[in-house]
Amino acid sequence: MRIITAYGLTDTFTACDGIDQGEVISPLVWRIFYDPLLHRIQEDESLGYTMELKWPNNVFHNEKRNIKIRTAASAYVDDTQWIAKSKNEAKKISLIADKFFDINDIKINGEKSEIIVVNPEDINENERFLEIGKNKDKVFANKGSDPIRILGVWFKTDKGDKHIESLVKKEISTILGAIRRKHITHAQAIYIVNAVLLPRLEYRLKTTIWEEKKYEEIFRLVMKVIKHKARLPANCHDNILLHSAQGKLKNLWRNQLAAQITEFLVALNSQTKQADILKMRLKKAQLTLNITSCILTNDPDVTVPNKILNNHTYNVVRKAHDYFFKFHPLTENEEWNIPIIGPSVRDFVYEQAPELVKKDKELIIRKAATLSIYGVLQLLNYDASNTITWQQICDFNKRQARGKTLKWFTILLGLVQQSTQLKDLCKISVESLNPGSESERDRETSINIQAIKVTKETPSTDGRKKEFVYTQQDHTLVIGQINKKKPVREILNTTLGY
Numbered sequence: 206m207r208i209i210t211a212y213g214l215t216d217t218f219t220a221c222d223g224i225d226q227g228e229v230i231s232p233l234v235w236r237i238f239y240d241p242l243l244h245r246i247q248e249d250e251s252l253g254y255t256m257e258l259k260w261p262n263n264v265f266h267n268e269k270r271n272i273k274i275r276t277a278a279s280a281y282v283d284d285t286q287w288i289a290k291s292k293n294e295a296k297k298i299s300l301i302a303d304k305f306f307d308i309n310d311i312k313i314n315g316e317k318s319e320i321i322v323v324n325p326e327d328i329n330e331n332e333r334f335l336e337i338g339k340n341k342d343k344v345f346a347n348k349g350s351d352p353i354r355i356l357g358v359w360f361k362t363d364k365g366d367k368h369i370e371s372l373v374k375k376e377i378s379t380i381l382g383a384i385r386r387k388h389i390t391h392a393q394a395i396y397i398v399n400a401v402l403l404p405r406l407e408y409r410l411k412t413t414i415w416e417e418k419k420y421e422e423i424f425r426l427v428m429k430v431i432k433h434k435a436r437l438p439a440n441c442h443d444n445i446l447l448h449s450a451q452g453k454l455k456n457l458w459r460n461q462l463a464a465q466i467t468e469f470l471v472a473l474n475s476q477t478k479q480a481d482i483l484k485m486r487l488k489k490a491q492l493t494l495n496i497t498s499c500i501l502t503n504d505p506d507v508t509v510p511n512k513i514l515n516n517h518t519y520n521v522v523r524k525a526h527d528y529f530f531k532f533h534p535l536t537e538n539e540e541w542n543i544p545i546i547g548p549s550v551r552d553f554v555y556e557q558a559p560e561l562v563k564k565d566k567e568l569i570i571r572k573a574a575t576l577s578i579y580g581v582l583q584l585l586n587y588d589a590s591n592t593i594t595w596q597q598i599c600d601f602n603k604r605q606a607r608g609k610t611l612k613w614f615t616i617l618l619g620l621v622q623q624s625t626q627l628k629d630l631c632k633i634s635v636e637s638l639n640p641g642s643e644s645e646r647d648r649e650t651s652i653n654i655q656a657i658k659v660t661k662e663t664p665s666t667d668g669r670k671k672e673f674v675y676t677q678q679d680h681t682l683v684i685g686q687i688n689k690k691k692p693v694r695e696i697l698n699t700t701l702g703y
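Residue numbers (this note's numbering): 206 to 703.
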């Protein structure tokens with residue numbers, strides 16, 4: 206076979222099936238080849254892991270919009286990851302893949318396959334395996350402390366990043382071992398560190414964010430070797446080596462900061478599923494911190510001091526804010542705003558409770574977010590005459606109100622009751638609602654349109670259940686609990702017929 210080109214015919218070669226590894230065009234060919242399988246599994250709604258976030262649309266009625274992103278597969282050339290939420294689902298994906306590989310005469314090497322299980326359902330570790338390939342090779346799940354490698358980045362189910370730290374130290378030790386033995390100048394050593402070592406460390410640390418102090422501690426040995434090559438004392442300041450006159454050695458933590466922020470911005474501005482996942486993770490952090498406006502453009506005083514575990518995306522933004530990076534949305538950021546009226550819980554707590562330590566303030570703010578309390582006016586009743594009760598807020602969130610009222614909620618209600626400005630925010634002229642009314646009472650009535658509104662439900666006929674019910678007269682909300690169910694229901698001192 207010969208190919209016609211603009212420069213004539215190529216040399217004769219024999220056409221074969223399969224894809225040669227190492228060829229320039231191989232990644233593109235692999236993508237074309239794998240696409241039917243990836244599309245088949247990804248488009249099956251019953252397969253894959255679904256990320257879900259409930260975003261508040263209407264805080265008055267506790268209405269939330271479900272944001273869902275489902276992922277079943279991830280691949281780079283022939284390196285494929287199948288993602289499932291259960292063992293049975295993983296088996297189904299494996300069977301589909303095995304059929305595809307069998308049709309195309311591809312053999313899966315079970316020895317090169319690995320399984321990682323997060324939050325396993327079964328207790329018996331011997332049952333955590335899959336049969337993969339035509340030969341039904343048994344592949345057992347890795348232990349929680351044993352990491353697996355995906356394109357050079359290591360993951361494990363157990364908490365902590367000691368395995369990443371060990372890999373980084375090993376990379377440093379390998380490069381420094383070669384530098385020490387060679388008769389080279391400090392400029393050559395700096396070039397090797399900048400061009401070889403730092404790119405390796407950048408790749409290993411793609412999913413890891415440390416504090417500046419830890420980066421410097423790990424990189425200290427590199428500094429020591431470079432100082433030795435430059436014939437400088439070991440106790441001289443590191444900034445000497447960072448100067449352009451000395452070869453301009455790059456700093457590990459600065460290199461990581463620049464790389465991670467750049468990669469984050471590129472991914473966030475892309476029109477891909479990765480961008481959607483990043484936005485979801487940021488919105489999750491925004492809800493956790495009880496921030497009612499876009500977290501990207503928020504004040505660094507809010508994000509920098511507040512750490513959130515297991516949210517890499519937020520931690521990148523936090524680092525960016527820490528070093529005064531500013532984000533400017535290219536489009537309207539209304540989708541990031543939580544619609545409230547009046548002050549937010551975060552602003553209110555910091556203004557009204559200066560005597561509380563920061564830790565206690567953040568505890569109150571975060572706990573309020575777990576109960577969908579974002580605006581402080583949600584804690585006042587309809588006519589702003591009193592605060593709501595613990596029972597009411599629990600009913601609003603459809604959860605049990607067992608035990609005594611939590612301390613953080615009591616403190617927050619106390620701050621609301623002490624404030625003299627909140628009721629003024631609720632004052633609305635009701636003359637437009639009652640045309641022709643000259644009543645002084647009508648003109649002074651307060652209406653809290655931010656008050657929580659529980660979904661109306663008819664009380665059951667089950668005599669064992671003692672529901673809370675309410676009635677409203679002249680903008681006054683009366684709430685009570687059913688004492689006894691008869692043909693006429695009795696509610697404290699109020700009687701309602703049915």
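For every residue, glycine included, the Cβ atom is placed at its ideal position computed from N, Cα and C.
Taking the C-beta atoms as reference points, E294 is found nearer than 8 angstroms to L252. Within the region 433-516, the complete alpha helix (DSSP H) runs of at least 4 residues fall at 444-447, 457-473, 478-493 and 505-508. Within the same chain, and ignoring the five residues on either side of R270 in sequence, the residues whose Cβ sits closer than 6 angstroms to its Cβ are W260 and N262. For D240, same chain residues with a beta-carbon under 7 angstroms away, outside a window of 5 residues either side, do not exist. Restricting attention to A278, D527 and N503, the CA atom closest to the CA of E416 is found in D527. Counting the other CB atoms within 10 Å of its CB gives Y519 a total of 16 or more, which places it among the buried residues. A straight-line Cα-Cα distance of about 19 angstroms links L618 and R604. By the Cβ criterion, the region 551-558 is in contact with the region 609-629, since at least three pairs of Cβ atoms, one from each stretch, lie closer than 8 angstroms.
In the displayed model, R385 falls within a helix according to three-state DSSP. In this structure, the alpha-carbon of T362 lies about 12 angstroms from that of N515. Cβ-Cβ distances below 8 angstroms link K484 to L473 in the same chain, with the five nearest sequence neighbours on each side left out; the list follows chain order. In this structure the region 329-345 does not lie against the region 370-389, because fewer than three pairs of beta carbons, one per stretch, are closer than 8 angstroms. Burial state of K609 is exposed, judged by a 10 Å Cβ sphere holding fewer than 16 other Cβ atoms. Classified as buried, L446 has 16 or more neighbouring CB atoms from the shown chains inside 10 Å of its CB. In this chain, K364 is not harboured by any beta strand (DSSP E), its DSSP state being neither H nor E. A residue is called buried when at least 16 other Cβ atoms come within 10 angstroms of its Cβ; A277 meets this threshold and is buried. Pairing N653 with Y579 gives a Cβ-Cβ distance that is not under 8 angstroms. Burial check for T497: the Cβ neighbour count within 10 Å reaches 16 or more, so the residue is buried. For T615, the enclosing alpha helix (DSSP H) starts and ends at K612 to Q623. Cβ-Cβ distances below 6 angstroms link R354 to nothing in the same chain once the five nearest sequence neighbours on each side are left out.
D667 and K691 have their C-alpha atoms roughly 10 angstroms apart. G580 carries a strand assignment under DSSP once its states are collapsed to helix, strand and coil. Among the bridge pairs identified by DSSP, Q686 is matched with F673.
Counting along the chain, R270 sits inside the beta strand (DSSP E) bounded by residues E268 to T276. Three or more beta-carbon pairs separated by less than 8 angstroms are not found between the region 438-452 and the region 494-509, which leaves the two stretches without contact. Three or more beta-carbon pairs separated by less than 8 angstroms link the region 420-436 to the region 453-472, which places the two stretches in contact. Comparing C-alpha distances from K317 to each of V344, E228 and P404 shows the shortest one belongs to V344. In this structure, the beta-carbon distance from I482 to M256 falls below 8 angstroms. For R604, the three-state secondary structure derived from DSSP is coil. Secondary structure of Q655 (DSSP, three-state): coil. Uninterrupted beta strand (DSSP E) stretches at least 3 residues long and entirely within the region 304-346 occur at 334-337 and 342-345, given in chain order. Bounds of the beta strand (DSSP E) holding E257 are Y254 to N263. Taking all protein chains shown into account, S549 has 16 or more neighbouring C-beta atoms within 10 Å of its C-beta and is therefore buried.
T575: member of the alpha helix (DSSP H) spanning K563 to T575, first to last residue. Where Q286 is concerned, the enclosing beta strand (DSSP E) starts and stops at D284 to W287. Here F218 is not bridged, per DSSP, to any residue.
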